[in-house]
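Peer 1: One structure, as structure tokens, below. Some questions next.
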Amino acid sequence: LPYLPDSNHKEEMVFLRDIFSERSLSYLMKIHEKLCHYERQSPVPVLHSASALAEDVIEELQTAPMNTDEKELLQLLSTPHLRAMLVVHDTVAQKNFDPVLPPLPDNIDDDFDEESVKIVRLVKNKEPLGATIRRDEHTGAVIVARIMRGGAADRSGLVHVGDELREVNGIAVLHKRPEEISQILAQSQGSITLKIIPAIKEEDRLKDSKVFMRALFSYNPKEDKAIPCQEAGLPFQRRHILEVVSQDDPTWWQAKRVGDTNLRAGLIPSKQFQERLVGERAVRWAWASDVSTAMAPFRGKQQ
Numbered sequence: 093l094p095y096l097p098d099s100n101h102k103e104e105m106v107f108l109r110d111i112f113s114e115r116s117l118s119y120l121m122k123i124h125e126k127l128c129h130y131e132r133q134s135p136v137p138v139l140h141s142a143s144a145l146a147e148d149v150i151e152e153l154q155t156a157p158m159n160t161d162e163k164e165l166l167q168l169l170s171t172p173h174l175r176a177m178l179v180v181h182d183t184v185a186q187k188n189f190d191p192v193l194p195p196l197p198d199n200i201d202d203d204f205d206e207e208s209v210k211i212v213r214l215v216k217n218k219e220p221l222g223a224t225i226r227r228d229e230h231t232g233a234v235i236v237a238r239i240m241r242g243g244a245a246d247r248s249g250l251v252h253v254g255d256e257l258r259e260v261n262g263i264a265v266l267h268k269r270p271e272e273i274s275q276i277l278a279q280s281q282g283s284i285t286l287k288i289i290p291a292i293k294e295e296d297r298l299k300d301s302k303v304f305m306r307a308l309f310s311y312n313p314k315e316d317k318a319i320p321c322q323e324a325g326l327p328f329q330r331r332h333i334l335e336v337v338s339q340d341d342p343t344w345w346q347a348k349r350v351g352d353t354n355l356r357a358g359l360i361p362s363k364q365f366q367e368r369l370v371g372e373r374a375v376r377w378a379w380a381s382d383v384s385t386a387m388a389p390f391r392g393k394q395q
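Numbering (my numbering), first residue to last: 93 to 395.
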């Protein structure tokens, strides 16, 4: 870049050279050029229902004897990847990008204020909902006890700690045990619809924490009978680095393993809970090498 005004600055030149020699930048610029060319052409889809046409062709091929080329075509049209690609093609061709929301139920209880009922629909795969529930001792209501960071409920921003859960996929949960409700939630795949009575004062969103700790013990939530939900627990091994993302619950903190590809947080025993169970003499402290925050104690088998 000999013609740049600041070409005499060596560091800036090296920086620019490194930036423009990155292969990823070259790919992004090519994609940008292709998109600009696509917009200028303003192409119109030849067909808006390619997947339906493919199904018709498959049905037609299966009704008569096939030669080699027809068998190959049938095998190609039957592959899940091609079928998925045709579905995506139809979605783009029909510009059907907005999610289809369920209609508002007609049977909302009359004793509820219209603005106090919230219908929430979450889309999830095989992952857990990322929330735990409890039974209110005084009212008997099913309350959202905690929201796991990074889970489906947390990412939606629509479910909060303290919300009262009334229905799951149209099933009333008021008189069901928490174990039964958890089973209904676990068996729900694809989308899940919740009828919620929002908390009187919704708690503020959890703020990111910079508390890191090194585990001096191994911990397996499946062996811990005290944990409220074993599936929500975070297993770890000795010397694992953990990031505590929530200390709102005095008994169970939420943490993530540093470097783990799973972004969902899990439950670990809090310092106060640990001290109460095993006493001050069993508390071990450590310090992260790059932060000035003390490590919280852990329960489990010392190695």
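Glycine is no exception: its CB is placed at the ideal position from the N, C-alpha and C atoms.
1. If contact is defined by three or more beta carbon pairs under 8 Å, each pair taking one atom from either stretch, is the segment 271 to 280 in contact with the segment 241 to 251?
2. Given 8 Å as the limit, is there contact between the segment 322 to 335 and the segment 225 to 237, that is, 3 or more CB pairs closer than that?
3. Using DSSP's beta-bridge definition, name the partner residues of Leu-359.
4. Just checking, does the segment 135 to 145 make contact with the segment 167 to 185 on the three C-beta pairs under 8 Å criterion?
5. Suppose the cutoff is 6 Å on Cβ atoms and the five residues either side in sequence are ignored; what does the same chain contact list for Trp-345 look like?
6. On a CA-only basis, which of Leu-108, Asn-354, Ile-319 is nearest Phe-365? Give me that one, please.
7. Which class does Thr-285 belong to by DSSP, given the choice of helix, strand or coil?
8. Would you mind reading off the limits of the beta strand (DSSP E) that contains Glu-335?
9. Go through its chain and collect everything with a Cβ distance to Arg-241's Cβ below 6 Å, but skip five positions before and after it.
10. For Gln-329 and Asn-312, I'd like the C-alpha separation in whole angstroms.
11. Could you check the C-alpha separation between Arg-368 and Thr-343 for me, to the nearest Å?
12. Where does Tyr-130 fall in DSSP's three states?
13. Just the C-alpha distance for Met-105 and Leu-117, rounded to the nearest angstrom, thanks.
14. Going by alpha carbons, who is nearest to Leu-308 out of His-332, Thr-285, Ile-288?
15. Under the DSSP definition of a beta bridge, which residues are partnered with Thr-224?
16. Does the Cβ of His-252 have 16 or more other Cβ atoms within 10 Å, making it buried, or fewer, making it exposed?
17. Taking Cβ to Cβ, would you say Ile-288 is nearer than 8 Å to Glu-256?
18. Are Ala-146 and Leu-169 closer than 8 Å when you measure CB to CB?
19. Indicate the three-state DSSP secondary structure (helix, strand or coil) for Ala-264 in the structure shown.
20. Residues in its own chain within less than 7 Å of Asp-203 by CB, not counting five upstream and five downstream?
21. Is it right to say Met-158 is buried, meaning 16 or more other beta carbons lie within 10 angstroms of its own, or is it exposed?
22. Report yes if the C-beta distance between Asp-352 and Arg-238 is below 8 Å; otherwise report no.
23. Assign Arg-175 to one of three DSSP states: helix, strand, or coil.
24. Output the boundary residues of the alpha helix (DSSP H) element that contains Val-253.
25. State the CB to CB distance for the pair Val-234 and Val-265, rounded to an integer number of angstroms; the pair is presumed to be in contact (CB under 8 Å).
Peer 2: Based on what the coordinates show:
1. With fewer than three CB-CB distances shorter than 8 Å, the segment 241 to 251 does not count as touching the segment 271 to 280.
2. Because the criterion of three Cβ pairs below 8 Å is not met, the segment 322 to 335 and the segment 225 to 237 do not touch.
3. For Leu-359, which the question treats as bridged, DSSP gives the partners Gly-325, Gln-346.
4. yes
5. Same-chain partners within the cutoff: Val-336, Gln-339, Ile-360, Ser-362.
6. Ile-319
7. strand
8. Per DSSP, Glu-335 belongs to the beta strand (DSSP E) from 333 to 338.
9. Val-337, Gln-346, Ala-357
10. 9 Å
11. 10 Å
12. helix
13. Distance between the alpha carbons of Met-105 and Leu-117 is about 17 Å.
14. His-332
15. Arg-238
16. buried
17. Taking 8 Å as the Cβ cut-off, Ile-288 and Glu-256 qualify as a contacting pair.
18. In contact: Ala-146 and Leu-169 (Cβ atoms closer than 8 Å).
19. strand
20. The predicted position of Asp-203 is uncertain, since its pLDDT is 49 and thus under 50; a value taken from the coordinates is nonetheless stated next. There are no such residues.
21. A residue is called buried when at least 16 other Cβ atoms come within 10 angstroms of its Cβ; Met-158 does not meet this threshold and is exposed.
22. no
23. helix
24. Looking at the DSSP string, Val-253 is not in any alpha helix (DSSP H), and its letter there is neither H nor E.
25. Right, the Cβ-Cβ distance comes to about 5 Å (below 8 Å), so this counts as a contact.
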